[in-house]
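Residue numbers (numbering that gives the first Met the number 0), protein chains in the order written: chain A, 0 to 275; chain B, 0 to 181. Glycine included, C-beta positions come from ideal geometry on N, C-alpha and C. So the structure is just underneath, and the comments pick up after that.
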Amino acid sequence: MGYSFTCCAKVIVQIAMLEITLNAAFARDEARSEKTRGPLPISAEPVAGYPIPLHRTTVPWDGQEYDIDTAIDVLMNVVRDPKTSRHDRELALIHLTMAGTHLRGHPCLRELEILYDKGGELEKQEILLCFLGSRDPRAVALSSRVLEKEQDMKLRLTATSVLAGWNIRRGVAELVKLVESQESLPPPARMPYVRDYALESFHHANTRKGWGLNDEETRKSIEDRAQNREEFVLLYAVEIKKWFAENEHRFPDWKPGDALPEVEANQEKPAEANDK
Amino acid sequence: MTISPGGAERLSGEPAHRRPVQRGRAKEQGGVELTRKSILVWPVHTFLTTGGAPDFQADYNYISWKYATVLATTGGSFGGGPTITTSSCVSCPPLVGPCVAGCTTCVIGCSTTFGTDTFGGSENQAASIIGHELVHTTGGDECAAYTWEFNNHAATGIFQCDTTYLSDVVRNMNCKCSGICP
């Protein structure tokens with residue numbers, strides 16, 4: 000009796016332990032699936048744990064190296080000077096993109112927004128890239144306007160990437176459409192095809208934002224079926240479309256006029272270059 | 000093909016049939032025209048060939064000769080090649096899909112392949128792409144490769160003549176080095 004009682008008690012304890020273990024595992028799975036299947040916020044921040052490289056602490060200009068805040072002032076002086084040639088304004092804007100998140104909440108973004116409408120194609124491109132790097136929510140409104148108005152594919156690609164980087168549904172939908180594009184870009188372009196930029200952009204956003212498409216598994220699942228690179232890309236695009244059809248509802252449907260997260264001035268200090 | 004620093008002295012004199020056909024706009028600083036570092040040749044192969052199919056190997060030899068000093072600053076060399084394909088671009092594993100002008104893979108040793116797009120633009124662009132791939136042969140990652148392109152802009156002349164290409168380089172540098180990716 001004593002033996003069978005001990006035995007029964009042991010079995011009951013084991014069952015209870017097993018249940019606790021299973022419940023914990025189930026809870027972990029739930030949390031994981033909530034991360035990869037739950038609704039996504041309007042945010043440009045990377046998913047927790049995503050490795051962020053060191054940000055620049057200086058920006059070069061005209062043979063000198065400036066700390067970023069000084070560089071923004073110097074470059075904006077060049078940009079706003081009416082005597083500046085288009086070529087030099089383009090160069091200044093290219094350098095301004097290196098300021099990254101230091102542009103968040105900076106008054107110069109308002110100036111750049113106004114300049115966008117007057118700018119040439121490359122100036123517009125660089126202004127969009129400044130907004131992209133800034134992680135300032137005003138990037139969403141500007142990019143949305145670009146998608147409404149612009150026909151230029153380079154500008155549309157950048158605006159699409161910005162919106163997708165903020166998890167905006169329209170941006171992700173446009174990006175998914177572009178992975179099947181047959182259009183090419185005029186030289187010089189390191190990657191001549193629109194779809195390649197779209198694929199690269201999707202890959203970055205998917206891993207950085209934790210959208211949940213398993214790149215490795217997807218690649219393995221189509222490797223055997225593809226006879227060549229062209230087929231591989233087509234099959235990959237099909238997988239992305241399938242994934243988006245299942246996940247579209249997770250992305251916020253932002254429209255012009257809708258509220259955006261509050262603009263906060265960048266609090267990062269140069270000493271905290273790594274924004275992990 | 001190994002690019003040696005010994006090619007420096009050859010840069011001063013160009014063969015008559017390889018004289019520039021088009022010049023980029025001069026850049027001024029403080030009212031003084033800066034020494035022109037670059038010469039636009041658009042596209043390279045039409046300059047080098049007289050009809051018939053473009054000879055991209057000749058383009059490569061010409062550019063690597065002309066820019067020997069610049070390219071040698073990377074400290075790398077292409078082992079047993081590189082290969083130049085007749086395709087406009089080449090795929091570059093492990094990326095999914097992208098077709099790029101040049102690619103170096105270092106799985107077993109390093110092998111480099113250039114597509115004809117490498118030579119479809121200016122000499123500066125071609126030299127920049129070749130230099131970029133050379134950085135990979137020394138084990139440099141994408142950040143190092145794009146940073147090299149950016150830091151060597153004075154020598155490759157990108158600033159003066161190819162603002163759009165410079166924009167592409169900085170965009171890639173921002174992405175690979177600082178995580179600012181479109």
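Annotation: the continuous alpha helix (DSSP H) that includes T136 of chain B extends over E122 to T136. When secondary structure is reduced to three states using DSSP, F250 of chain A falls in the coil class, being assigned neither helix nor strand. Scanning its chain for C-beta atoms nearer than 8 angstroms, with the 5 sequence neighbours on each side dropped, one finds around L154 of chain A the residues E120, K123, Q124, L127 and V145, in chain order. Shown here, G101 of chain B sits in a strand according to DSSP, grouped into three states. Counting other Cβ atoms within 10 Å of its Cβ, C88 of chain B reaches 16 or more and is therefore classed as buried. Within the stretch 113 to 139 of chain A, contact with chain B at the beta-carbon level (separation under 7 angstroms) is assigned to L121, Q124, E125, L128, L131 and G132. The DSSP-derived three-state label of S133 of chain A is helix. Within 9 angstroms of the CB of V99 of chain B, the CB atoms of chain A belong to R189, M190, P191 and D195, in sequence order along the chain. Runs of the beta strand (DSSP E) lying entirely within the stretch 56 to 110 of chain A, each at least 3 residues long, are 57 to 60 and 63 to 66 in chain order.
A244 of chain A is classed as exposed because its beta carbon has fewer than 16 other beta carbons within 10 Å across all chains shown. Of the residues assessed, S220 of chain A falls on the exposed side of the cut-off, its CB having fewer than 16 other CB atoms within 10 angstroms. Taking each of A:D257, A:T217, A:P45 and A:P251 in turn and checking the Cα distance to K241 of chain A, the smallest one comes out for A:T217. Here F113 of chain B carries a strand assignment [DSSP, helix/strand/coil]. In this structure, the straight-line span from the alpha carbon of E141 of chain B to that of E247 of chain A is close to 32 angstroms. Around the C-beta of R224 of chain A, fewer than 16 other C-beta atoms lie within 10 Å, and the residue is accordingly described as exposed. Within chain B, no residue has its beta carbon less than 8 angstroms from that of P106 of chain A; the closest one is some 20 angstroms off. At least one beta carbon of chain A lies nearer than 7 angstroms to the beta carbon of N173 of chain B. Not one beta carbon of chain B lies nearer than 7 angstroms to the beta carbon of H101 of chain A.
By the Cβ neighbour-count rule, Y164 of chain B is buried, with 16 or more other Cβ atoms within 10 Å of its own.
Taking the Cα of V171 of chain A as reference, the smallest distance to any Cα among A:L156, A:L184 and A:P185 is reached at A:L156. Taking a 10 Å sphere around the C-beta of P81 of chain B, we find 16 or more other C-beta atoms and assign the residue as buried.
Residues of the stretch 46 to 69 of chain A with a C-beta less than 8 angstroms from any C-beta of chain B: I51, P52, L53, H54, R55 and D61, listed in chain order. In this structure, T162 of chain B lies near E89 of chain A, with their beta-carbon atoms less than 7 angstroms apart. One finds nothing in chain A with a Cβ atom closer than 8 angstroms to the Cβ of P81 of chain B; even the nearest lies about 17 angstroms away.
Sequence-ordered contacts of the stretch 136 to 161 of chain A with chain B read L156, T157, S160 and V161 [C-beta pairs closer than 8 angstroms]. The C-beta separation of I71 of chain A from L92 of chain A comes to about 12 angstroms, leaving the pair out of contact by the 8 angstroms criterion. Of all residues in the stretch 108 to 132 of chain B, only D116, G119, G120, S121, Q124 and I128 place a beta-carbon less than 8 angstroms from a beta-carbon of chain A. Counting of Cβ neighbours within 10 angstroms places S200 of chain A among the buried residues, the total reaching 16 or more.
The continuous alpha helix (DSSP H) containing E148 of chain B extends over residues E141 to N150. Taking CB atoms only, T96 of chain A has a neighbour in chain B less than 7 angstroms away. A Cβ of chain A is located within less than 7 angstroms of the beta carbon of G178 of chain B. Closer than 7 angstroms to the CB of T146 of chain B there is not a single CB belonging to chain A. Listed in chain order, the positions of the stretch 74 to 92 of chain A with a beta carbon within less than 7 angstroms of a beta carbon of chain B are H86, E89 and L90. At a cut-off of 7 angstroms between beta-carbon atoms, C91 of chain B makes no contact with chain A.
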